[in-house]
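Read the structure below first, then the notes.
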């Protein structure tokens with residue numbers, strides 16, 4: 750189902766499609782994070798990625814919970830946006846020999862992922878509320894809060910020394 754296909758007829762259909770999109774994205778992130786952990790050299794960056802891997806596992810469970818709460822089938826919809834962000838991260842990281850520059854690149858790539866997720870979860874929360882599903886919105890808000898915290902931590906690592914060392 751594409752975003753502008755005839756399969757989306759109602760606002761509820763759009764909400765479920767967006768939920769399927771973020772479900773796919775979280776699964777792709779689960780797959781990508783171990784590679785980022787392996788490539789990271791700064792101990793605090795490695796630790797941040799390991800922490801976020803655990804959070805991402807919980808994000809997947811929460812999305813599954815929202816599917817169930819909303820009475821929708823638990824399935825994912827391929828998301829070209831997250832695929833592109835992850836592909837770009839893999840390409841950039843594969844071309845960098847300087848480990849300090851690599852850490853800066855990994856942070857930038859991870860922040861691109863976080864920003865994508867923040868937009869998706871923000872939209873889902875607004876739509877859930879519009880659909881009268883404050884219960885679903887409350888579950889999704891937990892994840893949005895964690896995504897914002899992860900982005901803030903990455904920003905702190907970048908500005909707190911990783912970027913300086915890379916320069």
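Residue numbers (this note's numbering): 750 to 916. Beta carbons are placed, not taken as given, at the ideal position from N, Cα and C, and that holds for glycine.
Specify the secondary structure class of residue i as computed by DSSP and reduced to three states.
i	result
residue 906	helix
residue 871	helix
residue 791	coil
residue 893	helix
residue 756	coil
In the DSSP assignment, the alpha helix (DSSP H) including residue i goes from what residue to what residue?
i	result
residue 763	760 to 788
residue 915	912 to 915
For residue i, count neighbouring Cβ atoms within 10 angstroms of its own Cβ and tell me buried if that reaches 16, exposed if not.
i	result
residue 868	exposed
residue 769	buried
residue 760	exposed
residue 902	buried
How close, in whole Å, do the beta carbons of residue i and residue j come, if the pair is a contact with beta carbons under 8 angstroms?
i	j	result
residue 850	residue 915	5 angstroms
residue 885	residue 800	The pair is not a contact, with the Cβ atoms about 26 angstroms apart (cut-off 8 angstroms).
residue 812	residue 779	In fact, because the Cβ distance is near 12 angstroms, the residues do not count as touching under 8 angstroms.
residue 889	residue 788	Their Cβ separation, rounded to whole angstroms, is 30 angstroms, which puts residue 889 and residue 788 out of contact at 8 angstroms.
residue 893	residue 797	The Cβ separation is near 18 angstroms, so there is no contact.
Exercise for review: Give, in chain order, every unbroken run of the alpha helix (DSSP H) that is at least 4 residues long and sits entirely within the region 794 to 867.
Suggested key: 829 to 843
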